[in-house]
Amino acid sequence: MKEESNKINKIVKLYPIFYALSADTIFFVPIDTLYLSLVKHLSASEISATTMISLLVCILSRNLIEKAARKIGNANSVKLGCLLLLISTIILTFGTSIVSIIAYKIILEYAYMFWIMSNIILRNNLTAMNRKDEYFSIRNKAKVMYGISTMITALISGYLFNINVYLPLYISIALYIVLLSMSFSFCEAKNVEEEKTKKPIKNIKLSSLVVLVILSNALFYGIIKLGQNNSKLFMQYDFSNVLSVENVTIMITTIVLISRVARIIGNIIFGKLYKKIKDKMSIILTIMELLAFSLLIIGHYIDFNFWLKVIIMATGFCLILAIRDSFQIYIEDVALKISGKEVHQKVMINIEVYRKVLQLIFSGIFTLILTKFDLSVVIIILCILSTMEILLNKKMYNRLVKLNS
1489 MKEESNKINK IVKLYPIFYA LSADTIFFVP IDTLYLSLVK HLSASEISAT TMISLLVCIL
1549 SRNLIEKAAR KIGNANSVKL GCLLLLISTI ILTFGTSIVS IIAYKIILEY AYMFWIMSNI
1609 ILRNNLTAMN RKDEYFSIRN KAKVMYGIST MITALISGYL FNINVYLPLY ISIALYIVLL
1669 SMSFSFCEAK NVEEEKTKKP IKNIKLSSLV VLVILSNALF YGIIKLGQNN SKLFMQYDFS
1729 NVLSVENVTI MITTIVLISR VARIIGNIIF GKLYKKIKDK MSIILTIMEL LAFSLLIIGH
1789 YIDFNFWLKV IIMATGFCLI LAIRDSFQIY IEDVALKISG KEVHQKVMIN IEVYRKVLQL
1849 IFSGIFTLIL TKFDLSVVII ILCILSTMEI LLNKKMYNRL VKLNS
């Protein structure tokens, strides 16, 4: 028993490092468009098409992924996820056609659907040690470490790419080999009595509150994801009215670097704040989401002072990054807390799938909008959606208070 407890403690301590290095293709993301366009010779439309195809395939495969995860268990799902990460990166590195890039993106989507079970393992291990209230703080620590790792790789990946276009990918392959070996140390605490009485689960249904939590996360993520991408372009176009192309590039890259720091600081602040505000967290974060897009719009219409424009718009953009991770962690914590252990896999998979569904829908809608209107209309719509998100989270908060009373 003591040996098992020590092993679980080591896994809990290992989790933040594992997450920080595997939560994204950290060496590839900073140079992804450069690599795909210059090395693999894909056009912008082809890059967009490969993303759309991979999202659709992953969404349509939801039930298959859920059944597979349930059959092999959480620990083996994490191992499979790491193996698929390695395979996808090898295909990305040595593939020579657009078909190989589509295969890479599909396998990568599958990889993260299985890899996400590491969060369930963390939750169950903490529960077994009577430390389940620490889930948010440990996940938050992992996000902080992830933020630091992405900031470092964002600074060095371009330099590595200039030395050799394949060097960031070779490092990624080596990293995923290490992560795959790390994944074999993952195990999950089990309740002996529960295992004895557990019956095969054929059809699992989620409660309406869990569905509400999942939808809230999907809407928030969709808004933040599109807001983050479009806000950079929004600032770029605004600044180009005053600055040269070279100075705009310096300005935007500087703001992006500051936003990475803001993301880390935001995780630290909200990690401490969560202990005091608990379920009010979602309301506060969605109000800040509305504030972020409001600042972008306000800055856009300031013409009398360019530097004031820059400061206000940059603050809005940095705020988007500062709140992004904390909301995701909060939603995971709540969703796993209010659902039974037998539906945890379904919950985590649905969280990921509905995020992708909303991302796909929003991408299509905003692409159509941008054919006739400028980016200011998109940001205004994001403000409206953020207001809807506040109302949705107020409803979710009321139901959680009622559940806990």
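The sequence shown begins at 1489 in the numbering used here and counts up one residue at a time. Glycine included, C-beta positions come from ideal geometry on N, C-alpha and C.
**OP:** Assign E1830 to one of two classes, buried (16 or more other C-beta atoms within 10 Å of its C-beta) or exposed (fewer than that).
**Re:** Within the sequence shown, numbered from 1, the residue matching residue 1830 stands at position 342. Counting Cβ neighbours within 10 Å, E1830 comes out exposed, since fewer than 16 surround it.
Original post:
Taking DSSP as the reference, what is the three-state secondary structure of S1747?
Top reply: For the purposes of this step, residue 1747 is taken as residue 259 along the sequence shown, with counting starting at 1. In the structure shown, S1747 sits in a helix (DSSP, three-state: H, G or I).
Original post:
Mapping DSSP to helix, strand and coil, what is D1726?
Top reply: Residue 1726 sits at position 238 when you count from the first residue of the sequence shown. It is helical.
**OP:** May I have the straight-line CA-CA distance separating R1751 from M1801, to the nearest angstrom?
**Re:** Within the sequence shown, the letter at position 263 stands for residue 1751. Within the sequence shown, the letter at position 313 stands for residue 1801. Computed Cα separation, rounded: 16 Å.
Original post:
In chain order, what residues of the same chain have a beta carbon less than 6 Å from the beta carbon of F1850, not counting five sequence neighbours either side?
Top reply: If you number the sequence shown from 1, residue 1850 lands on position 362. For F1850, where only same-chain residues beyond five positions count, the Cβ hits under 6 Å are G1710, L1714.
**OP:** Starting from the C-beta of L1880, find all residues in its chain whose C-beta is less than 7 Å away, skip the five residues before and the five after it, and write them out in chain order.
**Re:** What you label residue 1880 is simply residue 392 of the sequence shown in a count that begins at 1. S1704, L1707.
Original post:
Hey, how far is the Cα of I1661 from the Cα of I1514?
Top reply: Residue mapping note: residue 1661 aligns to position 173 of the sequence shown, counting from 1. Residue mapping note: residue 1514 aligns to position 26 of the sequence shown, counting from 1. Taking the straight line from one Cα to the other gives about 12 Å.
**OP:** Kindly indicate which three-state DSSP category S1549 falls into: helix, strand or coil?
**Re:** Position 61 of the sequence shown holds residue 1549. DSSP places S1549 in coil when its eight states are reduced to three.
Original post:
Does the Cβ of E1683 have 16 or more other Cβ atoms within 10 Å, making it buried, or fewer, making it exposed?
Top reply: What you label residue 1683 is simply residue 195 of the sequence shown in a count that begins at 1. In this prediction, E1683 has a pLDDT of 44, which is less than 50 and means its spatial position is unreliable; nothing more can be read from the coordinates.
Subject >> Rounded separation between I1665 and V1798 - CA only >> reply: On the sequence shown, position 177 is the one that residue 1665 refers to. On the sequence shown, position 310 is the one that residue 1798 refers to. If I take the Cα positions, the gap works out to 43 Å.
**OP:** Might you give, ordered along the chain, the residues of its own chain that have their beta carbon closer than 7 Å to the beta carbon of V1680, omitting 5 neighbours on each side?
**Re:** Start at 1 with the first residue of the sequence shown, and residue 1680 comes out as number 192. Residue confidence for V1680 is low, a pLDDT of 37 falling below 50, so the modelled location carries little weight and cannot support an answer.
**OP:** Count the C-beta pairs between the segment 1583-1592 and the segment 1495-1503 that are closer than 8 Å, then say yes if the count reaches three, no if not.
**Re:** no
Subject >> Delimiting residues of the alpha helix (DSSP H) encompassing A1777 >> reply: Start at 1 with the first residue of the sequence shown, and residue 1777 comes out as number 289. As written in the sequence, residue 1777 is Glu, which differs from the Ala given in the question. Element bounds for E1777: 1769-1788.
**OP:** From the DSSP output, in three-state form, read off D1512 for me.
**Re:** Residue 1512 sits at position 24 when you count from the first residue of the sequence shown. It is coil, neither helix nor strand.
Original post:
CB-CB under 8 Å to K1687, same chain, minus the five flanking residues each way: which ones, in chain order?
Top reply: Taking the first residue of the sequence shown as 1, we reach residue 1687 at position 199. Because K1687 sits at a pLDDT of 45, beneath the cut-off of 50, its placement in the model cannot be relied upon, and the following sentence gives the value as read from the coordinates. If we look at K1687 and ignore the five residues flanking it on each side, it has no Cβ neighbours.
Original post:
Contact check, F1947 vs V1736 under 8 Å by CB: the rounded distance?
Top reply: An answer regarding residue 1947 cannot be provided, because it is not within the stretch 1489 to 1893 covered by the chain.
Subject >> Neighbour-count burial assignment, W1795, 16 or more Cβ in a 10 Å radius >> reply: Residue numbering aside, residue 1795 sits at position 307 when the sequence shown is read from its first letter. It counts as exposed.
Original post:
Are the segment 1596-1612 and the segment 1836-1852 touching by the rule of at least three beta carbon pairs closer than 8 Å?
Top reply: Yes, the segment 1596-1612 touches the segment 1836-1852.
Subject >> Span separating the alpha-carbon of V1632 from that of F1649 >> reply: Here residue 1632 is taken as the residue at index 144 of the sequence shown, counted from 1. Here residue 1649 is taken as the residue at index 161 of the sequence shown, counted from 1. One C-alpha to the other measures close to 26 Å.
Original post:
By how many angstroms is the C-alpha of S1585 removed from the C-alpha of V1889?
Top reply: If you number the sequence shown from 1, residue 1889 lands on position 401. If you number the sequence shown from 1, residue 1585 lands on position 97. Each residue's Cα considered, the two are about 53 Å apart.
**OP:** Please list, in chain order, all residues of the same chain as S1782 whose beta carbon is under 8 Å from its beta carbon, the five residues on each side excluded.
**Re:** The residue given as residue 1782 occupies position 294 in the sequence shown. Excluding sequence neighbours, S1782 sits near G1804, C1871.
Subject >> G1561 versus V1733 - alpha carbon distance >> reply: Here residue 1561 refers to the residue found at position 73 of the sequence shown. Here residue 1733 refers to the residue found at position 245 of the sequence shown. In a straight line, the C-alpha of G1561 is about 52 Å away from that of V1733.
Original post:
How would you call N1613, buried or exposed, if buried means at least 16 neighbouring beta carbons within 10 angstroms?
Top reply: For the purposes of this step, residue 1613 is taken as residue 125 along the sequence shown, with counting starting at 1. By the 10 Å Cβ count, N1613 comes out buried.
**OP:** Give every residue of the same chain whose Cβ lies closer than 7 Å to the Cβ of L1657, excluding the five residues on either side of it in the sequence, and list them in chain order.
**Re:** On the sequence shown, residue 1657 is found 169 positions in, with the first residue counted as 1. For L1657, where only same-chain residues beyond five positions count, the Cβ hits under 7 Å are F1516, T1577, L1580, T1581.
Original post:
Beta carbon of Q1833, beta carbon of I1608: below 8 Å?
Top reply: What you label residue 1833 is simply residue 345 of the sequence shown in a count that begins at 1. What you label residue 1608 is simply residue 120 of the sequence shown in a count that begins at 1. Yes, Cβ-Cβ distance for Q1833 and I1608 is below 8 Å.
**OP:** For the segment 1808-1822 and the segment 1616-1631, state whether three or more C-beta atom pairs, one from each stretch, are separated by less than 8 Å.
**Re:** yes
**OP:** Could you tell me whether the segment 1634-1641 touches the segment 1741-1761, where touching means 3 or more Cβ pairs closer than 8 Å?
**Re:** yes
Original post:
Which value, in whole angstroms, describes the spacing of the CA atoms of L1848 and D1791?
Top reply: Within the sequence shown, residue 1848 is the residue found at index 360, counting from 1. Within the sequence shown, residue 1791 is the residue found at index 303, counting from 1. Approximately 35 Å between the Cα atoms of the pair.
Original post:
Is I1765 closer than 8 Å to I1756 when the C-beta atoms are compared?
Top reply: Your numbering for residue 1756 matches position 268 in the sequence shown. Your numbering for residue 1765 matches position 277 in the sequence shown. Not a contact, by the Cβ cut-off of 8 Å.
Original post:
In chain order, what residues of the same chain have a beta carbon less than 7 Å from the beta carbon of S1671, not counting five sequence neighbours either side?
Top reply: Start at 1 with the first residue of the sequence shown, and residue 1671 comes out as number 183. Apart from the 5 residues on each side of it in sequence, S1671 sits with its Cβ closer than 7 Å to the Cβ of V1566, K1567, C1570 in its chain, given in chain order.
Original post:
What whole-angstrom Cβ distance do N1628 and I1826 have, given they're in contact under 8 Å?
Top reply: Indexing the sequence shown from 1 puts residue 1628 at position 140. Indexing the sequence shown from 1 puts residue 1826 at position 338. So it is not a contact: roughly 20 Å between Cβ atoms.
Subject >> CA nearest to the CA of S1894, picked from V1845, T1875, I1878, K1860 >> reply: The shown model of the chain, from 1489 to 1893, leaves out residue 1894, and the question about it has no answer.
Subject >> Close beta carbons around T1538, own chain, < 6 Å, minus the five adjacent residues each side >> reply: Within the sequence shown, numbered from 1, the residue matching residue 1538 stands at position 50. Result list for T1538: I1589, I1590, K1593, in chain order.
Subject >> Rounded straight-line distance, which links the Cα of L1873 to that of L1863 >> reply: For the purposes of this step, residue 1863 is taken as the residue at position 375 of the sequence shown. For the purposes of this step, residue 1873 is taken as the residue at position 385 of the sequence shown. In a straight line, the C-alpha of L1863 is about 15 Å away from that of L1873.
Original post:
For L1522, is the beta carbon positioned less than 7 Å from some heavy atom of the ligand MG?
Top reply: Only the bare structure without any ligand can be found here, which leaves the ligand MG out of the picture.
Original post:
So what does DSSP say about F1674, is it helix, strand or coil?
Top reply: Taking the sequence shown and counting its residues from 1, the one referred to as residue 1674 is at position 186. Coil, per DSSP.
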